[in-house]
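Residue numbers (this note's numbering), protein chains in the order written: chain A, 932 to 1084; chain B, 7 to 169. Every residue gets a Cβ at the ideal spot worked out from N, C-alpha and C, and that includes glycine. First up is the structure itself, then whatever we jot down about it.
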């Protein structure tokens, strides 16, 4: 009478490991995107009519405006030690420099970039308007307001 | 004198997967717990004010018809909320019409205007806003205006000196 073989039986962990590493990668990449775009300081207002950014809009400049109406620059936007723009003149000068750089790069006489204002829902209109005016004076024509998309009627 | 080289048995390399899997699960747990999805964001387009005072500038339209412009004047409380809203046709001798403080009433009035001019001539909307109004309400005014059928909306300060 023959007995069954005594070979070691082990589960195959390799596909499981592959899957887990893919999940880890997904969460790592998502975490990076969150850090890049969201400023914890700014709470955006909600709107139903908001649309997603068009694919043709390649060149986009984000301006984060807090409740006090101060423009907070992200680490990649900073010029030297300056991390915020407190008034309209500073915003206009900063955007003017950005516009000059873009004009040199593209060879066009006006900046084509889309300016997206991420303004805190508690900021007063006088502050927001001053920034909009600075955008216009710097030569930017395409300005949009960033909001949280809502589905509630 | 010959010494015979010792023969070795074939040994299959065994890579220990289990500790790696443990570590991966720990990483996965960390990222799941710290994951905070970004809220879905979108844009609202608006018309920028003109550089030197006066009316807002809209995008050029193909139609030769003279556009009709309506003005919504928005008064604000100290807290930054809406105190009063009035509607008036620009360059009209008629008195401004009080449309209350509620967004539904504001949107109904705009829908009526959009319907009245539909297919006839372009309609522009200027929001004359007091500086105290907070951004939440500015966005609500723009949002309801777009949903009512207006595509050319320009928010400007109520005081012409501030434009």
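{"query": "Where does residue 54 of chain B land, buried or exposed, given buried means 16+ other C-beta within 10 angstroms?", "result": "buried"}
{"query": "Does the distance from the C-beta atom of residue 161 of chain B to that of residue 135 of chain B stay below 7 Å?", "result": "yes"}
{"query": "Mind checking whether residue 92 of chain B and residue 84 of chain B have CB atoms under 7 Å apart?", "result": "no"}
{"query": "So, is residue 96 of chain B buried or exposed, given that buried needs 16 or more other C-beta atoms within 10 angstroms?", "result": "exposed"}
{"query": "Taking only beta carbons into account, state which residues of the region 22-47 of chain B come closer than 9 Å to chain A, listed in chain order.", "result": "23, 24, 26, 27, 30, 31, 33, 34, 36, 37, 38, 40, 41, 42, 43, 44, 45, 46, 47"}
{"query": "Just the Cα atoms here: how many angstroms apart are residue 40 of chain B and residue 1004 of chain A?", "result": "25 Å"}
{"query": "Identify whether residue 239 of chain B lies in helix, strand or coil by the three-state DSSP scheme.", "result": "Not covered by the structure: residue 239 of chain B. The range shown for chain B is 7 to 169."}
{"query": "Where DSSP assigns a beta bridge to residue 1046 of chain A, which residues make up the other side?", "result": "A:992, A:1074"}
{"query": "For a contact defined as C-beta to C-beta under 7 Å, what are the partners of residue 51 of chain B on chain A?", "result": "1075"}
{"query": "What residues from chain A crowd round residue 139 of chain B, counting only those whose CB sits closer than 8 Å?", "result": "1055, 1056"}
{"query": "Would you report the Cα separation of residue 973 of chain A and residue 996 of chain A, rounded to the nearest angstrom?", "result": "7 Å"}
{"query": "Could you tell me whether the Cβ of residue 1023 of chain A comes closer than 7 Å to any Cβ of chain B?", "result": "no"}
{"query": "Does residue 145 of chain B have its Cβ less than 7 Å from a Cβ in chain A?", "result": "yes"}
{"query": "Take residue 121 of chain B as the anchor and find which of B:151, B:145, B:109 has the nearest alpha-carbon.", "result": "B:151"}
{"query": "Using 7 Å as the limit for Cβ to Cβ distance, is residue 155 of chain B near chain A?", "result": "no"}
{"query": "Near residue 106 of chain B, which residues of its chain fall below 7 Å by C-beta distance, leaving aside the five closest residues on each side in sequence?", "result": "91"}
{"query": "Which residues bound the alpha helix (DSSP H) around residue 91 of chain B?", "result": "Counting along the chain, residue 91 of chain B falls outside any alpha helix (DSSP H), though it belongs to the beta strand (DSSP E) covering 88-95."}
{"query": "Say the cut is 6 Å; is the CB of residue 48 of chain B nearer than that to a heavy atom of the ligand COA?", "result": "Questions concerning the ligand COA fall outside what the structure shown contains, since it holds no ligand whatsoever."}
{"query": "Cβ atoms of residue 82 of chain B and residue 169 of chain B: under 7 Å apart, would you say?", "result": "no"}
{"query": "Counting Cβ pairs closer than 8 Å, one from the region 1010-1024 of chain A and one from the region 952-964 of chain A, do we hit at least three?", "result": "no"}
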